[in-house]
Amino acid sequence: MFVFSSVHSHEKSNAGKFVVHTVQLAPKLVVRSWEYHKMFTLPAMGEFVYSIPVRGLQVLEVCLAKWWAHIGAIGCSYSVTFHGLTLERGASEVVFHGAEGISRIEIASMIHVEEVREKQCPLVAITPRFNRKQLS
Numbered sequence: 481m482f483v484f485s486s487v488h489s490h491e492k493s494n495a496g497k498f499v500v501h502t503v504q505l506a507p508k509l510v511v512r513s514w515e516y517h518k519m520f521t522l523p524a525m526g527e528f529v530y531s532i533p534v535r536g537l538q539v540l541e542v543c544l545a546k547w548w549a550h551i552g553a554i555g556c557s558y559s560v561t562f563h564g565l566t567l568e569r570g571a572s573e574v575v576f577h578g579a580e581g582i583s584r585i586e587i588a589s590m591i592h593v594e595e596v597r598e599k600q601c602p603l604v605a606i607t608p609r610f611n612r613k614q615l616s
């Protein structure tokens, strides 16, 4: 299975720097096994699209954040779409033998609809930038 995700900018004049970080925690595996981290620049009225492999039946945590050094607000929207099929009954692969003719394969989609409310950080810390006029 894999995930397509896209981020769309609603700003007409400002570009923005963002970071996307995804992780899936799997038993008996280190965190970095299913981790994705990418910094990207979102142009004005532009779009950033990426895809990553994911494991079925496990929670995918997605964090989209504006880069700390980029001051100002950027209006954007994002979408996450899951794709892929898995074999049922624990089969790891399918082999077709020419003499058998037509075979039945049972597949399942692990996709189901889940509504998640947006969470916003109540506190935002902005590092001040001083120019030389302000320091003297």
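Residues in the sequence shown are numbered from 481 upward in steps of one, following this note's numbering. Using N, Cα and C, we set each Cβ at its ideal position, and we do this for glycine too. The structure presented is a predicted model; accordingly, all values stated were derived computationally and were not measured.
Would Cys-543 and Ser-489 be called neighbours here (beta carbons separated by less than 8 Å)? Indexing the sequence shown from 1 puts residue 543 at position 63. Indexing the sequence shown from 1 puts residue 489 at position 9. No, they are not a contact pair.
For my contact list, Ala-545 and Glu-491 are in at a C-beta cut-off of 8 Å; report their separation, rounded to the angstrom. Here the question's residue 545 lines up with position 65 in the sequence shown. Here the question's residue 491 lines up with position 11 in the sequence shown. Between Glu-491 and Ala-545 the Cβ distance is about 17 Å, and since that is not below 8 Å, they are no contact.
Please report the straight-line C-alpha distance between Val-503 and Ala-495, rounded to a whole angstrom. Within the sequence shown, the letter at position 23 stands for residue 503. Within the sequence shown, the letter at position 15 stands for residue 495. Val-503 and Ala-495: Cα-Cα distance of roughly 26 Å.
Do the CB positions of Met-481 and Gly-536 come within less than 8 Å of each other? Position 1 of the sequence shown, counted from the start, is the residue given in the question as residue 481. Position 56 of the sequence shown, counted from the start, is the residue given in the question as residue 536. Taking 8 Å as the Cβ cut-off, Met-481 and Gly-536 qualify as a contacting pair.
By a C-beta neighbour count over all protein chains shown, 10 Å radius and 16 as the cutoff for buried, is Val-539 buried or exposed? For this step, residue 539 is matched to residue 59 along the sequence shown. With fewer than 16 Cβ atoms within 10 Å of its Cβ, Val-539 is classed as exposed.
Please state whether DSSP places Ser-489 in a helix, a strand or coil. Taking the first residue of the sequence shown as position 1, residue 489 is located at position 9. In this structure, Ser-489 counts as strand in the three-state DSSP scheme.
Starting from Lys-518, follow its DSSP beta bridges and name the residues at the other end. On the sequence shown, residue 518 is found 38 positions in, with the first residue counted as 1. Per DSSP, Val-500.
DSSP three-state assignment for Val-510, whether helix, strand or coil: Here the question's residue 510 lines up with position 30 in the sequence shown. Here Val-510 sits in coil by DSSP.
Excluding the 5 residues flanking Tyr-516 on each side, which residues of the same chain have their C-beta closer than 6 Å to its C-beta? Numbered from 1 along the sequence shown, position 36 holds the residue referred to as residue 516. Cβ neighbours of Tyr-516 beyond the five flanking positions: Thr-502 and Ile-532.
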